[in-house]
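So this is what it looks like as structure tokens:
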């Protein structure tokens, strides 16, 4: 039940998202389109689309914009077709990095991702080279000071796999992807609101980077996140 501190990383990530608010809509729209294209427009049977729409609403996207992009993806309107591609690589001191992209031009995308790795001291890896170090799961993180006993009771009763307490008092709830929404809804119904709630690729083990190594690693991560075709960047560095 112990875990690394997540709080500073979350606050940094939120700050980065605020800085690039204009790009958030682009990424959410791509996620909506791919989710609708692969799973259909019925929210009841498409949990990925439900999560994408939640992200869109959190980013203050108008309902008609959301619907228009669902229609594009399901063939009711003409639109661009995006392909999902995951790239794997190594950052500073061998830290593992996964880069999830959605692109209409994979030649451009792989060139841009490779350029960032080489420019900032990392290396592109082959498929499967680091993915085994991550777990596809649901993740919710609660602020320091959250009632841990209540959180544990509700989370475990609703099917969560584990709770991890950070060094700073933040609490992380881990679920399978299949019941992520069920657990999140149960926690919210009990008045427990996560600061972060998402289906993610969670690092099984972390590598602690300090000083210049941490700064160099952050430069790689920031540069990858700034690429237009990048949706998410996952890594196992504790900075």
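In this note's numbering, the protein residues as written are 2 to 240. From the three backbone atoms N, C-alpha and C, an ideal C-beta is built for every residue, glycine too.
- Query: Considering only C-alpha positions, which residue in the set 106, 153, 85, 202 is nearest to residue 185?
  - Reply: 153
- Cβ pair count under 8 Å reaching 3, the region 122 to 140 against the region 201 to 218: yes
- Query: With residue 130 and residue 89 assumed to form a contact (beta carbons below 8 Å), what rounded beta-carbon distance in angstroms separates them?
  - Reply: 5 Å
- Return the first residue and the last residue of the beta strand (DSSP E) that residue 163 is part of. 163 to 166
- Message: Within 8 Å, do at least three Cβ pairs link the region 31 to 43 to the region 66 to 77?
- Response: yes
- Task: Can you tell me which of the three DSSP states residue 62 falls into?
- Result: coil
- How should residue 151 be labelled, buried or exposed, when 16 other C-beta atoms within 10 angstroms of its C-beta is the threshold for buried? exposed
- Could you give the distance in angstroms between the alpha-carbon of residue 235 and the alpha-carbon of residue 195? 20 Å
- Item | Nearest candidate by alpha-carbon position, reference residue 128, set 144, 111, 121 | That would be 111, whose Cα lies nearest to the Cα of residue 128.
- Just list the alpha helix (DSSP H) runs in the region 71 to 151, keeping only unbroken ones of 4 residues or longer that don't cross its boundaries, in chain order. When DSSP assignments are scanned along the region 71 to 151, the uninterrupted stretches of alpha helix (DSSP H) that are 4 or more residues long and fall wholly within it turn out to be 107 to 120.
- Item | Validate contact between the region 90 to 103 and the region 63 to 72 using beta carbons, cut 8 Å, 3 pairs | no
- Task: Pull up the distance between the alpha-carbon of residue 30 and that of residue 169, whole angstroms please.
- Result: 35 Å
- Query: In chain order, what residues of the same chain lie with their CB nearer than 8 Å to the CB of residue 2, ignoring the 5 residues before and after it?
  - Reply: Below a pLDDT of 50, predicted positions are generally treated as unreliable, and residue 2, at 38, falls in that range; no measurement from the model is reported.
- Message: So, for residue 1: in the same chain, excluding its five sequence neighbours on each side, which residues have a beta-carbon less than 6 Å away from its beta-carbon?
- Response: Past the edges of the chain, shown from 2 to 240, lies residue 1, and the structure says nothing about it.
- Which residue comes first and which comes last in the alpha helix (DSSP H) that contains residue 219? Note, residue 219: alpha helix (DSSP H), 212 to 227.
- Going straight from the alpha carbon of residue 122 to that of residue 215, what length do you get? 12 Å
- Query: If you draw a straight line from the C-alpha of residue 1 to the C-alpha of residue 115, how long is it?
  - Reply: Look at the range of the chain in this structure, 2 to 240, and you will see that residue 1 is not part of it.
- Item | residue 92, buried or exposed, once every other Cβ within 10 Å from all chains shown has been counted against 16 | buried
- Going straight from the alpha carbon of residue 158 to that of residue 104, what length do you get? 40 Å
- Query: Taking the C-alpha atoms as reference points, what is the distance between residue 144 and residue 182?
  - Reply: Taking the straight line joining both Cα atoms gives about 19 Å.
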